[in-house]
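The block underneath contains the structure these notes are about, expressed in structure tokens.
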Amino acid sequence: MNSNNPFSPPPAPPHITLNSPSQRHLAPPSPNVYQQNSGSQEQLIPPLRRGDGSPARSPFDDANTTSSRRSSWQSERTGDSRAFHNPFGEGDDDSSRPASRSGSEDDLNTQTVSEKYNITPSAGLLLFPEDVEKDDYLHNPDPGGEPRDCDIFTRRGLVNVGGLAFIVLGLLCLFIGYPVLTFVQSYISKTNPCAGNSLCLDSTQPLLKNLRTSLIDPNTPPEALQKKDFHGNTWKLAFSDEFSTPGRPFYDGDDPYWHAVDLWYGVTENLEWYDPDAITTDDGSLKIRFDAFQSHGLNYRSGMLQSWNQMCFKGGRLEAKLQLPASGDTVGLWPGFWTLGNLGRAGYAATTEGMWPYSYEDKCDAGITPNQSQSDGISWLPGMRLPACTCKGEDHPTPGKSRSAPELDALEATIAPYDDSGNNIGHVSQTFQVAPFDIWYQADGDWMEVYDYSITRINEYKGGPFQQSISGLTNLNNDWYENRGGWQVYAFEYSLGDDGDVIWYVGDDTPVWRTHANAFGPNGNIGRRKIPEEPMYVILNVGMSPTFSALNLTHLTEQFPATMSVDYVRIYQDSDGELTCDPEGYETTGYIANHLDVYTNPNITRW
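Following this note's numbering from start to finish, the sequence shown increments by one per residue and tops out at 628.
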């Protein structure tokens, strides 16, 4: 038979004798049908016999065969090897095939294939997985690739094992881990993750829970919800901040009512840099810290808190409970609690040019001109930028009305001699800064009154070429300073109009001095200065400048860091009071929005 016929029957197993095409006899079985020849090495098919009865030559006996890889076809004979052979020497011609299949090569089934090929597993199959079969290429998942050694550490193997491990872990977590966590969670004590953190946005908290939506702080005590004014009228609380939440930040956008500036206050030649980092809340109060900390080329750092363009008021009472920084016997620091008209932003010099400290009636005269049209040096002011007399189309928030940035101070604290022995005591200046100026900066004292001359007097300093000051000085108790831990209330209240007045307080209900609107009426070639009708915003700061007071750095630096603490800030108003930065007729926000460059850049110093 042609040796190329793939369906030639294989040699019969050793325990079967083929005597004729129609008869088979079983030979005695060999003790081990897979017993290999002495000259072979664990062949995968039984050894063949030649037609003469001698054992067939094994392909592994060939000295030229050096490869360790063996194949099943190496067990077949070349040339006529596809002829059927009797392994025990019987005839091996084609007549030995069963007649029923002798004439057909297409009759394929397990029996015919098993007669031709040895498909019985070899004992060495597992020992020699590298052996090659003729049909191995049919089972190769990558027939185009290079042959590779048997290696389980392949990408495919790792993906298979990793995927299986992932599925197993997922099932373990689902059916073991999750039930355990759910069970244990019920025994863990529940705590409020937002306790003491005003910025917490925990998902378990209701929406807007952390956002204050009321002008009155919910921590304000009930007895503080109303107060009698100087004239006996009952005013209601309009705004309060108790600073009870610790850790509040005051960078731009952090708080609905306040922000801390980041600048050098150059208009008064301060020695410190104002940094928002110097202001926070702790232990139920606002903390403004002054320290010998180098910043932006300056040797000191402090803070200035403003409510500019966020919270403004017009008329009413402003009060705060303060603990002044350091001690009352060491001069140098400049604590401030004051207000300014919203059209001028403190620290942004261009916004106050031609605006501060004007508070003028709706009149066009020498008072609105540069230097008040005088050459004697009484005024170095550039003139009002927004007077009542304006031309059509001129840049003005309310044409026909005088607009400016007046200043009212609840306190500016410093130190003064107490006696001839060199003892010092703290005292405060409570002031109305005004322009244009009276002759010699002298207001009408007949319309001022002091309530206790033993502790308060009218300030001998009346002003200079940049401002006129109408001020009272009041001695303080040194226990009200940081080093002794005391507190005190400082306040002023004011009413508008030609019959209005301003009253300053040191102590909750203790007025110390008062000025009437007539104290700065028409004088010479200038008209009436008015009790401020602009919406005013609140400023709290601690500064240091040689333009304000002497500096005792030797003893002052021993007390650094020095902190001014603010227990609360409250505003009371009657029914006529307004709590807005845009009161009718004195709107400000539109004008500010049209000039954001100068209102947001402190390096612009000229309008």
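No residue lacks a Cβ here, since even glycine has one placed at the ideal position from N, Cα and C.
Using three-state DSSP, classify residue 395 as helix, strand or coil.
In the structure shown, residue 395 adopts coil according to DSSP, grouped into three states.
Specify the secondary structure class of residue 137 as computed by DSSP and reduced to three states.
It is helical.
Whole-angstrom Cβ separation of residue 537 and residue 468, contact assumed at under 8 Å?
So it is a contact: roughly 4 Å between Cβ atoms.
With DSSP as the reference, label residue 176 as helix, strand or coil.
Note: residue 176 maps to helix in three-state DSSP.
Considering only the beta carbon of each residue, do residue 326 and residue 562 sit closer than 9 Å?
With contacts defined as CB atoms closer than 9 Å, residue 326 and residue 562 qualify as a contacting pair.
Taking the C-alpha atoms as reference points, what is the distance between residue 122 and residue 136?
Confidence is the limiting factor: at residue 122 the pLDDT is only 44, short of 50, which leaves the residue's position unreliable and the question unanswerable from this model.
With 16 other CB atoms within 10 Å as the buried threshold, where does residue 354 fall?
Of the other Cβ atoms in all chains shown, 16 or more fall within 10 Å of the Cβ of residue 354; this residue is therefore buried.
Quick check: the Cα distance between residue 256 and residue 516, rounded to an integer number of angstroms?
Straight through space, the alpha carbons of residue 516 and residue 256 are spaced by roughly 12 Å.
Inter-residue spacing [alpha-carbon to alpha-carbon] between residue 425 and residue 347
So the two alpha carbons sit approximately 35 Å from each other.
Tell me, please, which residues DSSP counts as bridged to residue 524.
Listed as beta-bridge partners of residue 524 by DSSP are 514, 535.
With a cut-off of 8 Å, do at least 3 Cβ pairs link the stretch 403–422 to the stretch 381–391?
Touching, yes, given that three or more Cβ pairs across the two stretches are closer than 8 Å.
Where residue 476 sits in the DSSP three-state scheme:
The three-state reading of DSSP puts residue 476 in coil, since its state is none of H, G, I, E or B.
Cα-Cα separation, residue 305 to residue 512
For residue 305 and residue 512, the distance between alpha carbons rounds to 20 Å.
Output the distance between the C-alpha atoms of residue 254 and residue 560, rounded to the nearest integer angstrom.
Cα to Cα, residue 254 sits roughly 27 Å from residue 560.
Per DSSP, what are the beta-bridge partners of residue 428 in this structure?
Residue 428 is bridged to 361, 454.
Measure the CB-CB distance between residue 309 and residue 287 and report whether it falls below 9 Å.
No, they are not a contact pair.
Below 6 Å CB to CB, which residues in the same chain sit around residue 476 once its five sequence neighbours on both sides are set aside?
Answer for residue 476: 495, 496, listed in chain order.
Beta-carbon of residue 387 versus every beta-carbon of chain B: anything under 9 Å?
Of the protein chains in this structure there is only one, and it is not chain B.
DSSP state of residue 317, grouped into three classes?
DSSP places residue 317 in coil when its eight states are reduced to three.
9 Å Cβ cutoff met for residue 634 and residue 455:
Outside the displayed span of the chain (22 to 628) sits residue 634, for which this structure offers no information.
Quick one, which of 505, 252, 207 has its alpha-carbon nearest residue 531's?
Nearest to residue 531 by C-alpha distance, out of 505, 252, 207, is 252.
Is the beta carbon of residue 350 closer than 9 Å to that of residue 446?
Judged by their CB atoms, residue 446 and residue 350 are nearer to each other than the 9 Å cut-off.
What's the C-alpha gap between residue 284 and residue 547?
Using only the alpha carbons, I get a separation of about 36 Å.
Let me know the secondary structure DSSP gives residue 305 once reduced to three states.
In the three-state DSSP reduction, residue 305 falls in the coil class, being neither helix nor strand.
Report the residue from 276, 207, 368, 453 whose alpha carbon sits nearest the alpha carbon of residue 235.
Out of 276, 207, 368, 453, 276 has the C-alpha closest to the C-alpha of residue 235.
Compute the beta-carbon to beta-carbon distance between residue 556 and residue 334, rounded to the nearest angstrom, for a pair I have assumed lies under 8 Å.
Separation of the CB atoms of residue 556 and residue 334 is rounded to 7 Å, and the pair is thereby assigned contact status at 8 Å.
Would you mind reading off the limits of the alpha helix (DSSP H) that contains residue 234?
No alpha helix (DSSP H) contains residue 234, which DSSP labels as neither H nor E.
Could I get the ranges of all uninterrupted alpha helix (DSSP H) runs contained in the stretch 553–612, with 4 residues as the minimum, in chain order?
574–577, all fully within the stretch 553–612.
Neighbour-count burial assignment, residue 328, 16 or more Cβ in a 10 Å radius:
With 16 or more other Cβ atoms inside 10 Å of its own Cβ, residue 328 counts as buried.
Can we say the stretch 373–381 touches the stretch 415–422, given the rule of at least three CB pairs closer than 8 Å?
With a cut-off of 8 Å, the stretch 415–422 and the stretch 373–381 do not count as touching, because too few Cβ pairs lie within range.
Less than 9 Å between the beta carbons of residue 260 and residue 572, yes or no?
Not a contact, by the Cβ cut-off of 9 Å.
List the whole-angstrom C-beta distance separating residue 465 from residue 451, where the pair is believed to meet the contact cut-off of C-beta under 8 Å.
Contact between residue 465 and residue 451 is ruled out by a C-beta separation of about 18 Å, above the 8 Å threshold.
Whole-angstrom C-beta distance between residue 592 and residue 339, which should lie under 8 Å:
With a Cβ gap of about 6 Å, residue 339 and residue 592 count as contacting.
Is DSSP giving residue 13 helix, strand or coil here?
Residue coverage of the chain in this structure runs from 22 to 628, which leaves residue 13 outside it and unanswerable.
Between the Cα of residue 543 and those of 440, 574, 384, spot the shortest distance and give me the residue it belongs to.
The alpha carbon of residue 543 has as its nearest neighbour, out of 440, 574, 384, the alpha carbon of 384.
Using the DSSP secondary-structure output, state which residues sit across from residue 198 in a beta bridge.
DSSP output for residue 198 lists no bridge partner at all.
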